[in-house]
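Residue numbers (the numbering used here), protein chains in the order written: chain X, 49 to 152; chain Y, 49 to 152. C-beta atoms are modelled at their ideal positions from N, C-alpha and C, and glycine is treated no differently. This structure is a prediction, so every number in the text was calculated from the model and none was measured. Here is the structure we will look at.
2 protein chains.
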Amino acid sequence: MPKQFRCHLFWCGHERDDPTKPSCAKRGSMDIGMKLKQAMRDRGLREEVAVTKSGCLGQCSVGPAMIVYPEGVWYSVPTFEDAMEILDSHLEKGEIVERLVIRD
Amino acid sequence: MPKQFRCHLFWCGHERDDPTKPSCAKRGSMDIGMKLKQAMRDRGLREEVAVTKSGCLGQCSVGPAMIVYPEGVWYSVPTFEDAMEILDSHLEKGEIVERLVIRD
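Below you can see the structure in the form of structure tokens.
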């Protein structure tokens, strides 16, 4: 079996066709997600952690959305600085960033 | 927090730029993945299971690749029939399809 990552983060890069409707890509998720992946690599975490673009995660109204497995924690990540906080806390130390968790 | 799915399957829809190199999309993953998502919906599993396209999962040589969380089980899924076996067994019943698991 390939690598079992300690954490696997998926970030939504979906852009909805309807220009009047919100989507993660329209809110800057492509830039945030790609920079987050690079930051993860720069820290030498490739053996432990994965950061992967995904299709729609169904959280268009609160995006940019991310989900971290195996915990299944959903995040709303408006800025790259917020993404870096998830890298510092959740991906590096296993500590959930409560202030960014998507609530019902 | 949004829905916690019993299983969340990600299927790789990545196509590498180099035409001489293998990739999941070149091996038909788009068709398999989209049909699998529709089959999941047709069975009324949307509340329990998610099926989402992803970027590269790093398994280009054995694709089309899929990964199912929270278990973190990697699959090589050459045909739609194989994908349906994962739906029948893993996503519906929690039983891993050993013959399709990617080994080292």
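Is it true that the stretch 84–97 of chain Y meets the stretch 84–97 of chain X, where meeting means three or more beta-carbon pairs spaced less than 8 Å apart? no
Per DSSP, what kind of secondary structure is X/His138 in: helix, strand or coil? DSSP places X/His138 in helix when its eight states are reduced to three.
Less than 7 Å between the beta carbons of Y/Ala98 and Y/Phe53, yes or no? yes
Could you pull out every unbroken beta strand (DSSP E) segment of at least 3 residues lying fully inside the stretch 66–122 of chain X, listed in chain order? Contiguous beta strand (DSSP E) elements confined to the stretch 66–122 of chain X occur at 97–102 and 113–117, taking only those with 3 or more residues.
Residues of chain Y with CB closer than 8 Å to the CB of X/Gln86, please, in chain order. The contact set of X/Gln86 on chain Y, defined by CB atoms closer than 8 Å, is empty, because the minimum CB distance reaches about 14 Å.
When burial is assigned at 16 or more other CB atoms within 10 Å of the CB, is Y/Thr68 buried or exposed? exposed
Would you call the stretch 59–66 of chain Y and the stretch 141–151 of chain X touching, i.e. three or more CB-CB distances under 8 Å? no
Y/Ala113 to Y/Glu133, Cα distance in whole Å? 14 Å
Could you check the C-alpha separation between X/Ser137 and X/Glu96 for me, to the nearest Å? Looking at the two C-alpha atoms, the distance is approximately 14 Å.
Using three-state DSSP, classify X/Phe128 as helix, strand or coil. Residue state, collapsed to three classes: helix.
Inter-residue Cα distance where the pair is Y/Trp122 and Y/Ile115: 4 Å
Taking Y/His56 as the query, report the chain X residues whose CB atoms sit under 8 Å from its CB, ordered along the chain. In chain order: Ile115, Tyr117 and Gly120.
Please determine, among X/Ala131, X/Phe58, X/Gln107 and X/Gly103, the residue with the shortest C-alpha to C-alpha distance to Y/Pro50. X/Gln107
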